[in-house]
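Residue numbers for the sequence shown follow the numbering used here, beginning at 200 and rising by one.
A short write-up of the structure that comes next.
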Amino acid sequence: MNTQTSPVTLNGSTYNHTAVNHFYEDVLKGLTASPKHLDSKYFYDAIGDQLFQDLMNCEEYYPTNCELEIFSQKTEALASAIIGDNNDEFDLIELGAGDAMKSTYLLKHLLDRGVNFTYLPIDISAHVIDQLDVELTQNLPGLKFEGLNGEYFNMLSKAATLSNKRKVVLFLGSNIGNMPVAEAESFCAELRNHLSPGDMVLIGFDLKKNPKTILAAYNDKEGITKKFNLNLLHRINQELGADFVIEQFDHFPVYDPETGACKSYLISTADQMVHIADHNQSIHFQKDEYIFMEISQKFTVEQTRDMAAKTGFDVVNYLFDDKNWFADAIWKVR
Ligand SMILES: C[S@@+](CC[C@H](N)C(=O)[O-])C[C@H]1O[C@@H](n2cnc3c(N)ncnc32)[C@H](O)[C@@H]1O
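This is the structure:
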């Protein structure tokens, strides 16, 4: 049975009904759990994409600049590591591509070197994929492009049906940090299972550093991270007919230097009921009750090497920014 009907446009983004249902199911599951939580993958509607761009440009948010330094200044080393010995044609797949600002340096370098590859960005945000399609085909003439809108592993499976060429998978921006360490390890194991010996991954890890530097990145003076978190409540209001009073929630980030976990919460500043009208649901919030929003895990290099060994990868190389705040790990499937 075909469950798909015509797409709906909400908040500047286009979704099919199945996606809206998944969103509702995940929101309800999270808000009726104890403690309450929401899934950070839903941050990225058209407004969330823009807020993330603003965040990347703000003074305190260092991860983007660190990884940008690696991609803009060590492009040759990155390219040489992934091209392989016999210059074979390959698929360059990017998980959670966003605006592909950093990877564009690599794409351009590969094109200039005459390397034969196809770029397949994967993103849960349809808006992101549509924009990349327009911008990259315009700015990088000759780029072979196949945008894939959906969840990481669903789209990775789809990519495998499109070609049987060698795969090189980019997972940048410390997206892997949006999972606790054990989950990140399971993610790498699943990633490994979608790949074949000789395939490669290039994963961006944000490293442990001065705790104040880390916390400031998630608590910027302009309040962009706060808006980014609150935007998910706006999104629930708009797309699921809820009535969150946004002003009655506050943003609270914490960083634990021992575990390397930086966590963001929204705190209910009042005893209040929130209704999800489209689905006839009511959710009670006690004053000071929290919703867990996102983890941004920080790693030691040793931890990441361990992760590679445990999940079936051999380390090829690590590239760092000048401050050693961020690492791009290049691993090959064993
Ligand atoms: C933090 S941004 C990083 C963007 C880019 N990789 C960078 O380094 O600047 C995360 C991106 O991953 C996408 N994303 C998050 N969870 C996803 C999932 N489960 N499946 C596919 N895309 C996802 C978001 O839509 C967003 O564009």
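Every residue, glycine too, gets a C-beta built ideally from N, C-alpha and C.
Item, Value
"Using DSSP with H/G/I as helix, E/B as strand and the rest coil, what is Ala276?", "helix"
"Note down the Cα distance separating Thr217 from Lys235, rounded to an integer number of angstroms.", "24 Å"
"Out of Gly372, Ser356 and Ser373, point me to the one whose CA is closest to Lys366's CA.", "Ser356"
"Should Lys301 and Gly376 be called a contact, given that it needs their Cβ atoms to be closer than 8 Å?", "no"
"State the beta-bridge partners of Leu369 as determined by DSSP.", "Glu293 and Leu401"
"Out of curiosity, what's the CA-to-CA distance linking Val515 and Thr503?", "13 Å"
"Does the distance from the C-beta atom of Met399 to that of Trp530 stay below 8 Å?", "yes"
"Check whether the Cβ atoms of His450 and Thr424 sit closer than 8 Å, and answer yes or no.", "yes"
"Would you be able to state if there are at least three C-beta pairs under 8 Å between the stretch 417 to 431 and the stretch 443 to 460?", "yes"
"Excluding the 5 residues flanking Pro456 on each side, which residues of the same chain have their C-beta closer than 6 Å to its C-beta?", "Pro410"
"Within 10 angstroms of the Cβ of Met200, are there 16 or more other Cβ atoms? Answer buried if so, exposed if not.", "Since pLDDT at Met200 reaches only 29, below the 50 mark, its modelled position is unreliable, and the value read off the structure follows with that caveat. The residue is exposed, with fewer than 16 neighbouring Cβ atoms inside 10 Å."
"Since Pro410 is in the alpha helix (DSSP H), which residue starts that stretch and which ends it?", "Pro410 to Ala416"
"Looking at Ile323: is its Cβ nearer than 8 Å to the Cβ of Tyr243?", "yes"
"Apart from the five residues on each side of it in sequence, which residues of its chain come closer than 6 Å, Cβ to Cβ, to Ala296?", "Pro320 and Asp322"
"Under the assumption that Ile466 contacts Ala358 (Cβ atoms under 8 Å), give the Cβ distance between them as a whole number of angstroms.", "So it is not a contact: roughly 40 Å between Cβ atoms."
"If you compare alpha carbons, which of Tyr351, Leu390 and Thr412 is closest to Tyr261?", "Thr412"
"Sorted by chain position, which residues of the same chain lie with C-beta nearer than 6 Å to His393's C-beta, five sequence neighbours on each side aside?", "Leu355"
"Would you mind sorting Gln203 into buried or exposed? The rule is 16 or more other CB atoms within 10 Å of its CB.", "With a pLDDT of 39 at Gln203, under the threshold of 50, the modelled position of that residue is not reliable, and the figure given next carries that caveat. By the 10 Å Cβ count, Gln203 comes out exposed."
"Tell me which residues share the same chain as Cys461 and place their Cβ nearer than 6 Å to its Cβ, disregarding the 5 neighbours each side in the sequence.", "Ile413, Tyr417, Tyr454 and Ser495"
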